[in-house]
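Below is one structure, written out as structure tokens; comments come after it.
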Amino acid sequence: MSQHDSVRVAHEHFVTTGRLAGQHVRRLVADSWRRSARSGVDPEVPAPPVDMAGRTLTSYRRAHPLAAAMPVVRDLLVRPGAGAGWITALTDDAGRLLWVEGDRDVRRRVEGVGFVEGAVWSEDRAGTNAPGVALVTERPAQVVGTEHYARTVHPWNCTAAPVRAPSGQVLGVLDVTGGPVVATAVMMSLVRATVAAVEAELARTAVAPVLQLPSERAVTAITGGPRSAAGARLRVLGPAVPTLHLDGRDVRLTLRHAEILLLLAQHPAGLTADELAVQLSDDVLSDVTVRAEVSRLRRVVGPLLSSSRPYRLTVPVRSDADTVRGLLEVGDVVAALANHPGVVLPRSVAPGVERIREDLRADLRAAVLASPEEGAVSRWVSSDDGADDWQAWQRLAVLAPRGTPAHVQARGRLDLLARRLTDRAG
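Residue numbers for the sequence shown follow the working numbering, beginning at 443 and rising by one.
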């Protein structure tokens with residue numbers, strides 16, 4: 443059995459059982475798999491969030507210290523990679539892809555796994571990958587094929603190294619992603635040499651090591667709150683295990699605990715036990731039951747949940763649903779859809795959660811139907827929510843140029859939906 447096949451078998455065993463088998467997985471990779479699992483990353487449905495796009499991303503990149511390094515990166519990696527089977531990416535210190543350039547064919551193909559500018563490829567959001575591992579370890583990293591935690595990234599190889607300011611602060615990561623050539627020692631040497639050249643350029647131009655973030659208004663629009671409150675984040679969208687990111691760690695939540703945190707995040711003034719009971723269940727839920735659940739949750743999240751009544755959060759908690767709402771507010775429908783891997787807590791039947799779920803779905807759909815972008819409508823009709831949305835398919839038929847695959851698909855789906863309606867009426 444080849445090394446590639448051995449790692450693939452070990453990966454399958456790990457994601458199925460949570461245990462490593464055999465000695466075929468490098469320690470660097472094994473440790474990263476464990477961190478990815480603890481963070482709640484779904485190896486089947488990775489959803490690296492696109493939390494910055496459009497003018498906000500452009501402004502952020504322009505002000506970022508690494509902007510001064512891009513001419514060096516383009517000379518040493520991007521131009522040699524054109525047509526050579528790799529692309530080059532430069533991230534910030536959160537793993538956000540600021541620039542993705544290089545081989546057009548490779549770039550087009552990796553877009554299918556969410557490797558796009560503005561997406562966050564930190565280890566806790568996308569699983570094991572070279573940029574994410576390099577950020578965690580603050581050392582160069584190479585992740586090959588099936589060593590990636592997410593299955594959709596298994597066809598790719600990546601080599602990355604941190605980029606430091608003259609002060610020693612990690613500003614971001616330089617990454618190369620592509621085919622077999624990227625999995626070589628020569629590529630690691632090339633990446634290291636490019637990082638050395640970049641750091642020399644940063645020292646020469648005396649780039650300030652402190653990041654210049656977007657305006658407070660832009661951050662508020664995207665995150666739903668001021669930067670000072672961005673430390674506590676709640677992941678509730680899609681099929682992945684609900685997760686709370688708090689104090690630099692990820693805490694996997696039960697469905698009930700996720701429901702309570704989400705409801706309290708939506709009611710910053712707090713909820714009484716009676717009010718929380720009504721939001722959590724259509725059936726009669728006793729105060730004793732609610733108090734017991736809150737007590738168990740407090741043992742998990744500590745001082746984040748106040749000990750006084752009504753129950754409330756001691757600091758604002760922002761959810762990925764808030765990110766989607768913020769992107770809709772600034773008119774970036776494509777980014778909002780990219781950050782919406784699925785509905786809010788899909789297994790929840792709590793009335794309060796169902797209202798949040800339906801409100802967000804309605805806002806997304808309204809924005810899609812009003813959007814002039816074909817890509818936004820195409821993404822919506824490709825989702826479970828939009829697959830049978832007659833108005834959305836009509837909108838796509840109008841936006842897509844006649845004769846294109848998107849136009850033909852839209853007309854075909856409209857005919858199918860019409861036949862279904864006729865059959866039901868008959």
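No residue lacks a Cβ here, since even glycine has one placed at the ideal position from N, Cα and C.
Just so it is clear, the structure is predicted and the values come from calculations on it, not from any experiment.
Query, Result
"Option nearest Asp447 by Cα separation, candidates Glu589, Val562, Gly560, Asp493", "Glu589"
"CB contact flag (Glu580, Pro604, <8 Å)", "yes"
"Trp541 and Glu553 closer than 8 Å at C-beta", "no"
"Short Cβ contact (8 Å threshold) for Pro573 with Gly621", "no"
"Ala719, DSSP secondary structure in three states", "helix"
"Where His687 falls: helix, strand or coil (DSSP)", "strand"
"Contact check, Ser825 vs Val819, beta carbons under 8 Å", "no"
"Outcome for Leu686 when other beta-carbon atoms lying within 10 angstroms are tallied against a minimum of 16", "buried"
"Cα-Cα separation, Tyr502 to Ala777", "16 Å"
"Buried or exposed by the 16-neighbour rule on C-beta atoms within 10 Å, applied to Gln611", "exposed"
"Buried versus exposed, by CB contacts within 10 Å (16 or more), Asp692", "buried"
"Buried/exposed call for Ala808, threshold 16 Cβ in 10 Å", "exposed"
"Three-state class that DSSP yields for Glu543 in the structure shown", "strand"
"Meets three-Cβ-pair contact criterion under 8 Å: the segment 512 to 520 and the segment 466 to 483", "no"
"Buried versus exposed, by CB contacts within 10 Å (16 or more), Val471", "buried"
"Distance CB(Leu532)-CB(Ala561) smaller than 8 Å", "no"
"Spatially closest choice to Ala860 from Pro847, Gln833, Val840, Ala463, by CA coordinates", "Gln833"
"Sequence-distant residues of its chain with Cβ nearer than 6 Å to Glu658 (five each side left out)", "A caution first: Glu658 carries a pLDDT of 38, below 50, which makes its placement in the model unreliable, though a value can still be read off. Within the same chain, Glu658 has no close Cβ partners at all."
"For Val766 and Ala660, the rounded distance between their alpha carbons", "In this prediction, Ala660 scores a pLDDT of 42, lower than 50, which makes its location untrustworthy; the coordinate-derived value is nonetheless stated afterwards. Taking the straight line joining both Cα atoms gives about 14 Å."
"Ordered list of beta strand (DSSP E) runs contained in the segment 698 to 782, each at least 3 residues", "none"
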